[in-house]
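Structure record follows, encoded as structure tokens.
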Amino acid sequence: MDVVVVGDGPGGLSAALFLAKNGLQVVVFGQDKTAMHWALLKNYLGFAEIHGSEFQKRAREQVSALGARIEDRRVESVEAVSDGFETTLDDGETIASRFLILSEGKSPRLAKQLGLEFNEQKGLETDRNGKTSMPGVYAVGRLARPGRSQAIISAGDGAAAAIDILSTIKGEDFADWDSPPES
Ligand SMILES: Cc1cc2nc3c(=O)[nH]c(=O)nc-3n(C[C@H](O)[C@H](O)[C@H](O)COP(=O)(O)OP(=O)(O)OC[C@H]3O[C@@H](n4cnc5c(N)ncnc54)[C@H](O)[C@@H]3O)c2cc1C
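What follows is the structure, given as structure tokens:
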């Protein structure tokens, strides 16, 4: 697996969208328990108003259609190993990956498990692409900005992390741009 994404809110799903669309093998673990089910979005650009559950349904369909796997499973633990990361699920299965994206939402459990420092006000420290202090580990969305969490920001964070991973693999800056067919 190229990338394991922990968390199926807008942060994790947006990261998975960009990665899968550009040919990487990506799996998202989450049990559809995102805070989005309590949200009525009136501030997501492009939607005048949409229920968070409807947004999530569309997002999951879009991400799956682009080739990412979304699995209804809980991640028990994550560990850095010599050539990447080992993710252990609640049934004991382990998944190896080169990169790890944490989009855990309000709970920094796995981030703390990896030894990353979490500040209750500021969240997890990252650079502007979501990179944490641990090489290969990204943190996006509410996890990285607990007091300022917005769906559109989580989605943007996820996209930035994915673009950074794609740029790292390609060895140069990468932008995922498409154009309409010539009319
Ligand atoms: C009442 C309410 C109203 C809101 N209204 C708005 C609004 O109007 N506009 C707006 O922009 N935002 C709103 N929000 C905030 C919005 O819901 C969040 O900004 C958004 O959900 C954050 O997305 P995220 O992907 O960062 O994290 P989350 O959506 O929290 O997703 C994290 C996911 O990771 C999963 N997860 C965590 N640990 C594990 C693990 N170990 N294994 C597997 N899965 C795991 C969680 O179950 C969860 O599904 C509202 C929130 C609430 C509670």
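Numbering-wise, my numbering puts 474 at position 180 of the sequence shown, and it's gapless, one number per residue. For each residue, glycine too, the CB sits at the ideal point set by N, CA and C.
Can you tell me whether DSSP reads residue i as helix, strand or coil?
{"i": "Thr462", "result": "helix"}
{"i": "Gly303", "result": "coil"}
{"i": "Phe341", "result": "coil"}
{"i": "Arg363", "result": "strand"}
{"i": "Val357", "result": "helix"}
{"i": "Lys315", "result": "helix"}
{"i": "Lys400", "result": "coil"}
{"i": "Phe468", "result": "coil"}
{"i": "Lys416", "result": "coil"}
{"i": "Leu437", "result": "helix"}
{"i": "Lys484", "result": "Here the chain covers residues 295 to 477 and nothing more, so residue 484 does not appear."}
Count the other CB atoms, across all protein chains shown, that sit within 10 Å of the CB of residue i; report buried if there are 16 or more and exposed otherwise.
{"i": "Glu387", "result": "exposed"}
{"i": "Asp458", "result": "buried"}
{"i": "Lys327", "result": "exposed"}
{"i": "Thr398", "result": "The displayed chain sequence assigns Glu, not Thr, to residue 398. The residue in question, Glu398, is buried, as its Cβ has 16 or more Cβ neighbours within 10 Å."}
{"i": "Lys315", "result": "buried"}
{"i": "Leu339", "result": "exposed"}
{"i": "Lys478", "result": "In the structure as shown, the chain begins at 295 and stops at 477. Residue 478 is therefore absent and cannot be evaluated."}
{"i": "Pro402", "result": "buried"}
{"i": "Ala362", "result": "buried"}
{"i": "Ser473", "result": "exposed"}
{"i": "Ala342", "result": "exposed"}
{"i": "Ser291", "result": "Outside the modelled stretch of the chain, which goes from 295 to 477, sits residue 291, for which no answer is possible."}
{"i": "Ser448", "result": "buried"}
{"i": "Gly301", "result": "buried"}
{"i": "Ala390", "result": "exposed"}
{"i": "Gly324", "result": "buried"}
{"i": "Val375", "result": "exposed"}
Starting from residue i, follow its DSSP beta bridges and name the residues at the other end.
{"i": "Ala329", "result": "Its beta-bridge partners do not exist; DSSP assigns none."}
{"i": "Glu380", "result": "Glu373, Ala390"}
{"i": "Val322", "result": "Val299, Ile364"}
{"i": "Ile395", "result": "Val299, Tyr432"}
Excluding the five sequence neighbours on either side, which residues of its own chain have a C-beta within less than 6 Å of the C-beta of residue i, listed in chain order?
{"i": "Arg439", "result": "Gly417"}
{"i": "Gln319", "result": "Met295, Asp296"}
{"i": "Thr420", "result": "Thr426, Ala433, Ala438"}
Using a Cβ-Cβ cut-off of 7 Å (strictly less than) and excluding sequence neighbours within five positions of residue i, which residues of its own chain qualify?
{"i": "Ala456", "result": "Ala309, Phe312, Leu313"}
{"i": "Asp451", "result": "Gly305, Gly424, Val434, Gly435, Ala438"}
{"i": "Gln407", "result": "Ser371, Val372"}
Chain C beta carbons: is any one of them nearer than 8 Å to that of residue i?
{"i": "Gly306", "result": "Included in the structure is just one protein chain, with no chain C present."}
Which same chain residues, not among the five before or five after residue i, have their C-beta less than 8 Å away from its C-beta?
{"i": "Ser461", "result": "Asp467, Phe468"}
{"i": "Ala454", "result": "Arg422, Asn423, Gly424, Val434"}
{"i": "Gln415", "result": "Pro440, Gly441"}
{"i": "Asn413", "result": "Glu419"}
Assess, as a yes-or-no matter, whether the stretch 330-339 is touched by the stretch 386-400 under the definition of 3 or more beta carbon pairs within less than 8 Å. Too few Cβ pairs lie closer than 8 Å, so no.
Three or more C-beta pairs below 8 Å linking the stretch 428-436 and the stretch 389-396: Yes, since at least three Cβ pairs between the stretch 428-436 and the stretch 389-396 fall closer than 8 Å, the two stretches touch.
Whether or not the stretch 364-372 and the stretch 342-350 are in contact is what I'm after, with contact meaning three or more pairs of Cβ atoms, one per stretch, closer than 8 Å; do they touch? Short answer: they don't touch.
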